[in-house]
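Number of protein chains: 2
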Amino acid sequence: MKYSQSFIPTLREVPTDAVIVSHRLMFRSGMIRRLGNGLFSYLPLGLRSFRKVEQIIREEMNAIGSLEIKPTVVIPGELWKESGRWDSMGEALLRVKNRLGADFVVSPTAEEPFTALVRDELSSYRQLPISLYQINTKYRDEVRPRYGVMRGREFVMKDAYSYDADEASLEKSYQDMGRAYRRVFKRCGLSVISVKADSGAMGGSGSEEFMVESEIGDNTLLLCKSCDYAANVEKADCKPDHSAETDHNLWSGEGSPPDHSAFSSAAASTPPVEKIDTPNVKTIEELCSFLKTDAKTFIKTLVYRAVKVELQGSECEEAFYAVCIRGDLEINEVKLCALLKAAEVSLAGETDVVRLTGAPVGFAGPVGLTRLKVIADFTVTAINDGVTGALAKDLHYKHVACGRDFQPWMTASLRTVKAGDRCSHCGGELYEKKGNELGHIFKLGYKYTKSMNVSYLDEKGVRQIPLSGSYGIGLDRTLASVIEEHHDDDGIIWPITVAPYHVIIVPIKYDGAVKAAADSLAEDMERQGIEVLLDDREERPGVKFNDADLIGIPYRVVIGDKNLAGEIPKVEIKRRSEKESRLVELGKAAGELKEKVQAELAELNKVNL
Amino acid sequence: MKYSQSFIPTLREVPTDAVIVSHRLMFRSGMIRRLGNGLFSYLPLGLRSFRKVEQIIREEMNAIGSLEIKPTVVIPGELWKESGRWDSMGEALLRVKNRLGADFVVSPTAEEPFTALVRDELSSYRQLPISLYQINTKYRDEVRPRYGVMRGREFVMKDAYSYDADEASLEKSYQDMGRAYRRVFKRCGLSVISVKADSGAMGGSGSEEFMVESEIGDNTLLLCKSCDYAANVEKADCKPDHSAETDHNLWSGEGSPPDHSAFSSAAASTPPVEKIDTPNVKTIEELCSFLKTDAKTFIKTLVYRAVKVELQGSECEEAFYAVCIRGDLEINEVKLCALLKAAEVSLAGETDVVRLTGAPVGFAGPVGLTRLKVIADFTVTAINDGVTGALAKDLHYKHVACGRDFQPWMTASLRTVKAGDRCSHCGGELYEKKGNELGHIFKLGYKYTKSMNVSYLDEKGVRQIPLSGSYGIGLDRTLASVIEEHHDDDGIIWPITVAPYHVIIVPIKYDGAVKAAADSLAEDMERQGIEVLLDDREERPGVKFNDADLIGIPYRVVIGDKNLAGEIPKVEIKRRSEKESRLVELGKAAGELKEKVQAELAELNKVNL
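The listed protein sequences correspond, in order, to chains A and B. Quick note: to get the numbering used here, add 560 to the position in the first sequence (first position is 1). Quick note: to get the numbering used here, add 560 to the position in the second sequence (first position is 1).
Below, the structure is given as structure tokens:
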């Protein structure tokens, strides 16, 4: 392919909103252009790499027996109403009314159409398992799209859905998918952090996120310095600070009501509860300084409003809870939401707080609280002599002992784990990284199959509901992440598997013998399946070299009069990732490059995962 | 690929709304399923053929140097406001407001994003010509989607756009594209009727439609029995019935004001105009029977309202015209619209007719009409002794001669050509066919480049506006049309280029020696690049044969115990399009099938257009 006919508008300048490397380089190398806020066009060079990522994903999906289908992008709203997500999905869902008043959504993910299809076609256990996928356009109405294609509004996602007869089969589908994902990322040359969700916290279902480290990542990850533990902060757990937190004689375990008859003997020496005046003291810091005590002795109590709570078999539209945690820690709302099986949790408004605690915001506490159920983080169960709000303005209690002075309705791990906490697996120190999610595999269980009435007849002719899983990879993000990981100051350094071309030929001047040699070398390599970009432009060599570095083609061949005129005509070959070039006989260049390209392809595509 | 793992839900029953063969067969063969009104999911089998059509189109686009890009499907509304189509496009355009109140459209075609991209990147004549395309999702909000994917709401279109410096370059882009289209359809095994628009009628720009004959086609085509003339009825012309119609001494040509000083001598013997009472006579039929005359002597006069008329350099929002045509003919509103360069024309309402003609609907006529400009079809110019409305209720004129009793403001060819009319090229008889449009190439001229302010500097540094063209192929329609053309009562008969698999192997019972032979034959062929579907299901042979015929795989290999047990093991090979099967030695089957498949592929892909 000739450069002059390839529409590769490289640039020196970058738009001011391009703050991350991949955005800057995709823009500068002419891979993408902006079409609107969060909307990008892929130009020919970008699309070539994009299609290679797409093909790698397709191959790995096919390899595990997942079948490609193509539903529409515009989906009837009625399917989303059936699944319940028409209401629960929020404003990121782009809803459209057509000329006849019918509701549609522009697909942000596709559990609904896949599940509807399987519902219509599934009748017998013999048809299971079923694994289907699509690689198709998605739209999420991000309020603040940014970072180029890394967080755009429209993007392409590979989304797969599995339908299985039992847990063991779902587990196999899930594990197959995980292996396929690891192969995909490995083949793209990406270093991925695999973040497994603690299945306990998620109520029996499994989930694994595939993250790449990124300064602008929208996920906080906690990783252990000593073992391979890695978790999203939303789900991360850590080792308790005190033995009382794990005393299972005392507390019957996470998410269960505690055994009220048992008390820790540690509270025996604690003086009785005492009410203290704390005028104009509102924050925990102020209280610590006023009482000259540590935040760790404080029982922080927050009133939460939960929507669509499903607990112990019954469901309620709205419920309020007092959630207690040690004063130096934060409550992890994702964990709280999972514990309550709620659609959503949020801090209660001031009116509700006053109504339910009898005091303004800042004076809630578990002692004497009658109108709210108390959920205590495990850290609170270890407090034998603590401070907490006294349910009245400017008043607190001291010498509060959990179990003696109040009985939590439920205990659980609700703390937000942070750097410095101890690994729950090995006790090692945890540290934080920012990460971007490229892929996510997720056991849905009966979630959509139940709400959308999918069933089949088992061996005995009994009607059963299949289990399902949902598995996504963002293509645009994956491509951008490759650039984030593989670049230098001069531009992109493509892994060969996703490079738009394998080789770029740069004739010093595209004329005479140089032109003849360049044309013939290009033709020779292309005939052998090597993808060649021939820079035939009338530009200075410096411009061509800069563009070659910027667009990051793995191998560069420079052809000039001098090297060509020797007794044995030679060309200069340089790997984009290396500093030094080598002279190679013109007659041997095609063979050598073919060998190198194929070896690199084989190396990256070799996966034993 | 094993049948049991391919998710091919074949059916005997078809939905009642499936009235055309392709819809029925795509549904029955498990290629597609309905997701909503006008929305279809492609299942694995359907998607395989779909991707082959896509790849053929991609190859032919790349072969003419068009470059693939990928804009978004959701397009900012502001681009459509710039081009003017936000207002002019009507309700088929799916408009969306996002959470922030910004306007978007779900792309029905993509002149806007392509032109916006070129506007940003084009600076010099050196960059021209530019030819870009995408193969991407489109949505048109059809009020009555039907015929399966033939007229769906969401579909995939290959749309290309060219930008050229001058007419000659645009002509080359246009011709290249036309040749590529003919190659695409030929490779898909489609017989296409190429319908060229009369460039005169379109004001200098060219247009060619690629149609397939179809009972349910939404286009009426007029074809000549004697030459290769073919035209859409919207644009079709025919040979005038009378020499006066083409007397260019008298009339200075289409779309021009006639030369009022010249008159046909034929009117010399016509008696003077005479007013006649025509009580309760409203229709032309009634009038013919009342006057005992032929509709051909009647000057039918209709009042039209035209919107956004651009004529002789000036533009007006709304204008009314009296349009006259011979009584037995119909006015072609597409031609009228093109003549007036109007956005839209429609019959005027009753109030306007009364106000402008002084009479109720049914009594308009060109004689004495002062408040309306008269546009006369050429057929009217040949009427020397005609009947027409007298601008008053229940009154008509007779002995009316065009040119003597009224002066048309403009003459043009406005008649709707019909079967039996004479070919304008050779005088042969025209006949009608219904056709479906699969592709359309179109010279846009300056239409979008002007409204969207695209320009470049030419060799002399002078700012110029490029010419553009727009070129589309509907993939879904193309695929469905292949089935319309290639099927029998038992199912689809795929041309090998777009068949989901080349060969289907049907073991009579997938067990023992038969299974071993089937597995080994499948593996052998797949290794050689032949796409094989192996029917490993536990079904009766009859069911398997029926499904093989239904899904239309070009070659069927039946493997049974009896033929396998002979001294020389044999298998039965049958071409889907033929009745008879042949016995072939098992050891030679793979080789023979490979040869046949490759020969058929080569034959269909061989294009010298």
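Even for Gly, the Cβ is constructed at its ideal location relative to N, Cα and C.
Exercise for review: Give the straight-line distance between the Cα atoms of residue 808(A) and residue 984(A), rounded to the nearest whole angstrom.
Suggested key: To locate residue 808(A), count along the first sequence from 1; it is residue 248. To locate residue 984(A), count along the first sequence from 1; it is residue 424. Confidence at residue 808(A) is low in this model, with a pLDDT of 40, below 50, so its placement is unreliable and no value can be given for it.
**Study point:** Three-way DSSP call (helix, strand, coil) for residue 762(B) in this model
**Key:** Translated into positions along the second sequence, residue 762(B) becomes position 202. Reliability of the predicted coordinates at residue 762(B) is poor, the pLDDT of 37 falling under 50, and the value obtained from them is presented with this limitation in mind. Of the three classes helix, strand and coil, the one that applies to residue 762(B) here is coil, per DSSP.
**Study point:** residue 701(A): contacting residues in chain B (beta-carbon distance under 9 angstroms)
**Key:** Against the first sequence, residue 701(A) aligns to sequence position 141. Think of a sphere of 9 angstroms around the beta carbon of residue 701(A): the chain B residues whose beta carbon falls inside it are 658, 659, 660, in chain order.
Practice item. Using alpha carbons as the reference points, say which of 1125(B), 991(B), 964(B), 772(B) lies closest to residue 1038(B). Key: By one-based count along the second sequence, residue 1038(B) stands at place 478. Among 1125(B), 991(B), 964(B), 772(B), the Cα nearest to that of residue 1038(B) is on 772(B).
Review point. What did DSSP end up calling residue 713(A) once you bin it into helix, strand or coil?
Key: By one-based count along the first sequence, residue 713(A) stands at place 153. DSSP places residue 713(A) in coil when its eight states are reduced to three.
Review point. With 16 as the cutoff for other CB atoms within 10 Å, does residue 571(B) come out buried or exposed?
Key: For the purposes of this step, residue 571(B) is identified with residue 11 of the second sequence, where counting begins at 1. With fewer than 16 other Cβ atoms within 10 Å, it is exposed.
Check your understanding: Under three-state DSSP, which class holds residue 771(B)?
Key -> In the second sequence, counting from the first residue as 1, residue 771(B) sits at position 211. Shown here, residue 771(B) sits in a strand according to DSSP, grouped into three states.
Review point. Given a threshold of 16 other Cβ atoms within 10 Å of its Cβ, counted over all protein chains shown, does residue 1065(B) qualify as buried or as exposed?
Key: Here residue 1065(B) refers to the residue found at position 505 of the second sequence. If you draw a 10 Å sphere on the C-beta of residue 1065(B), you find 16 or more other C-beta atoms in it, and that means buried.
Check your understanding: Would a check of beta-carbon distances place residue 714(A) closer than 8 angstroms to chain B?
Key -> Stepping through the first sequence from its first residue, residue 714(A) is reached at position 154. By this cut-off, residue 714(A) is an interface position.
Point to revise | Beta-carbon neighbours of residue 633(A), restricted to chain B and to distances below 7 angstroms | key: Locating residue 633(A) in the first sequence gives position 73, where the first residue counts as 1. Within chain B, the residues 633, 697, 714 have their CB atoms less than 7 angstroms from the CB of residue 633(A), given in chain order.
Review point. How many Å lie between residue 658(B) and residue 642(B) at the Cα?
Key: Counted from its first residue, the second sequence places residue 658(B) at position 98. Counted from its first residue, the second sequence places residue 642(B) at position 82. Distance between the alpha carbons of residue 658(B) and residue 642(B) is about 19 angstroms.
**Study point:** residue 600(B) beta carbon less than 8 angstroms from that of residue 708(B)
**Key:** Counted from its first residue, the second sequence places residue 708(B) at position 148. Counted from its first residue, the second sequence places residue 600(B) at position 40. Cβ distance < 8 angstroms, so residue 708(B) and residue 600(B) count as in contact.
Check your understanding: What is the rounded straight-line gap between the Cα of residue 690(A) and the Cα of residue 866(A)?
Key -> Here residue 690(A) is taken as the residue at index 130 of the first sequence, counted from 1. Here residue 866(A) is taken as the residue at index 306 of the first sequence, counted from 1. Distance between the alpha carbons of residue 690(A) and residue 866(A): 36 angstroms.
Point to revise | Collapsed DSSP secondary structure at residue 597(A) in the structure displayed | key: Position 37 of the first sequence holds residue 597(A). Note: residue 597(A) maps to coil in three-state DSSP.
Practice item. Compare the C-beta of residue 651(B) against all C-beta atoms of chain A and say whether one is closer than 8 angstroms. Key: Indexing the second sequence from 1 puts residue 651(B) at position 91. Interface residue, yes.
Review point. Which bits of chain B does residue 593(A) rub up against, with CB to CB less than 8 angstroms?
Key: Along the first sequence, read from residue 1 onward, the residue named residue 593(A) stands at position 33. Those are 677, 680, 681, listed as they occur along chain B.
Check your understanding: With a CB to CB cut of under 8 angstroms and the five nearest residues on each side skipped, what residues in its chain are close to residue 1045(A)?
Key -> Position 485 of the first sequence, counted from the start, is the residue given in the question as residue 1045(A). Scanning its chain for C-beta atoms nearer than 8 angstroms, with the 5 sequence neighbours on each side dropped, one finds around residue 1045(A) the residues 749, 750, 751, 772, in chain order.
Review point. Quick one: what does DSSP say residue 699(A) is sitting in, helix, strand or coil?
Key: Position 139 of the first sequence, counted from the start, is the residue given in the question as residue 699(A). Three-state result, residue 699(A): strand.
Review point. Can you list the beta strand (DSSP E) stretches of 3 or more residues lying completely in the segment 840-922 of chain A, in chain order?
Key: Runs found: 859-871, 874-886, 904-907.
Exercise for review: Report back the beta-carbon spacing between residue 1068(B) and residue 1111(B) to the nearest angstrom; my notes put them in contact at under 8 angstroms.
Suggested key: Taking the second sequence and counting its residues from 1, the one referred to as residue 1068(B) is at position 508. Taking the second sequence and counting its residues from 1, the one referred to as residue 1111(B) is at position 551. With 8 angstroms as the limit, residue 1068(B) and residue 1111(B) do not qualify as a contact, their Cβ atoms being about 19 angstroms apart.
**Study point:** C-alpha gap between residue 605(A) and residue 784(A), whole angstroms
**Key:** Stepping through the first sequence from its first residue, residue 605(A) is reached at position 45. Stepping through the first sequence from its first residue, residue 784(A) is reached at position 224. Whole-angstrom Cα-Cα distance: 40 angstroms.
Exercise for review: Using the DSSP secondary-structure output, state which residues sit across from residue 992(B) in a beta bridge.
Suggested key: The residue you call residue 992(B) lines up with position 432 of the second sequence. Answer by DSSP bridge pairing, in chain order: 782(B).
Exercise for review: Using a Cβ-Cβ cut-off of less than 9 angstroms, list which residues of the segment 612-630 of chain B approach chain A; keep chain order.
Suggested key: Listed by position, the residues of the segment 612-630 of chain B near chain A (Cβ gap below 9 angstroms) are 625, 627, 628, 629, 630.
Practice item. Assign residue 1031(A) to buried or exposed, taking buried as 16 or more other Cβ atoms, counted over all protein chains shown, within 10 Å of its Cβ. Key: For this step, residue 1031(A) is matched to residue 471 along the first sequence. Here residue 1031(A) is buried. Its C-beta has 16 or more other C-beta atoms within 10 Å.
Review point. Are the Cβ atoms of residue 947(B) and residue 862(B) separated by less than 8 angstroms?
Key: Taking the first residue of the second sequence as 1, we reach residue 947(B) at position 387. Taking the first residue of the second sequence as 1, we reach residue 862(B) at position 302. In this structure, residue 947(B) lies away from residue 862(B), with their beta-carbon atoms at least 8 angstroms apart.
Exercise for review: Kindly indicate which three-state DSSP category residue 1145(A) falls into: helix, strand or coil?
Suggested key: Your numbering for residue 1145(A) matches position 585 in the first sequence. Residue 1145(A) falls in the strand class under three-state DSSP.
Point to revise | Where the beta strand (DSSP E) containing residue 971(B) begins and where it ends | key: Numbered from its first residue, the second sequence carries residue 971(B) at position 411. 970-972 is the extent of the beta strand (DSSP E) around residue 971(B).
Practice item. With 8 angstroms as the C-beta to C-beta threshold (strictly closer), list the residues of the segment 564-583 of chain B near chain A in chain order. Key: The residues in question are 565, 566, 567, 569.
Exercise for review: Taking only the alpha-carbon atoms, compute the straight-line gap between residue 859(A) and residue 768(A) and give it to the nearest angstrom.
Suggested key: Position 299 of the first sequence, counted from the start, is the residue given in the question as residue 859(A). Position 208 of the first sequence, counted from the start, is the residue given in the question as residue 768(A). So the alpha carbons of these two residues sit roughly 33 angstroms apart.
Check your understanding: Around the Cβ of residue 957(A), are there at least 16 other Cβ atoms within 10 angstroms (buried) or fewer (exposed)?
Key -> In the first sequence, counting from the first residue as 1, residue 957(A) sits at position 397. Buried, since its Cβ has 16 or more Cβ neighbours within 10 Å.
Review point. Given a limit of 7 angstroms on CB to CB distance, which residues of the segment 1027-1045 of chain A reach chain B?
Key: Sequence-ordered contacts of the segment 1027-1045 of chain A with chain B are nonexistent [C-beta pairs closer than 7 angstroms].
Review point. Which whole-angstrom value is the C-beta distance of residue 1052(B) and residue 1157(B), which I expect to be below 8 angstroms?
Key: Working through the second sequence from its first residue, we reach residue 1052(B) at position 492. Working through the second sequence from its first residue, we reach residue 1157(B) at position 597. Actually they are not in contact, since the Cβ atoms of residue 1052(B) and residue 1157(B) sit about 17 angstroms apart, beyond 8 angstroms.
Exercise for review: Note down, in chain order, each residue of its chain lying with its Cβ closer than 6 angstroms to the Cβ of residue 621(B), except the 5 sequence neighbours on either side.
Suggested key: In the second sequence, counting from the first residue as 1, residue 621(B) sits at position 61. In its chain, beyond the 5 residues on either side, 693 have a beta carbon closer than 6 angstroms to the beta carbon of residue 621(B).
**Study point:** Within-8 angstroms CB hit, residue 723(A) to chain B
**Key:** Residue 723(A) sits at position 163 when you count from the first residue of the first sequence. So no, residue 723(A) is outside the interface.
Review point. How about the segment 739-746 of chain B and the segment 964-978 of chain B: do they share at least three Cβ pairs that are nearer than 8 angstroms?
Key: Touching, no, given that fewer than three Cβ pairs across the two stretches are closer than 8 angstroms.
Review point. Using a C-beta cutoff of 8 angstroms, does residue 1164(B) count as contacting chain A?
Key: On the second sequence, position 604 is the one that residue 1164(B) refers to. No - not a single Cβ of chain A is within 8 angstroms of the one on residue 1164(B).
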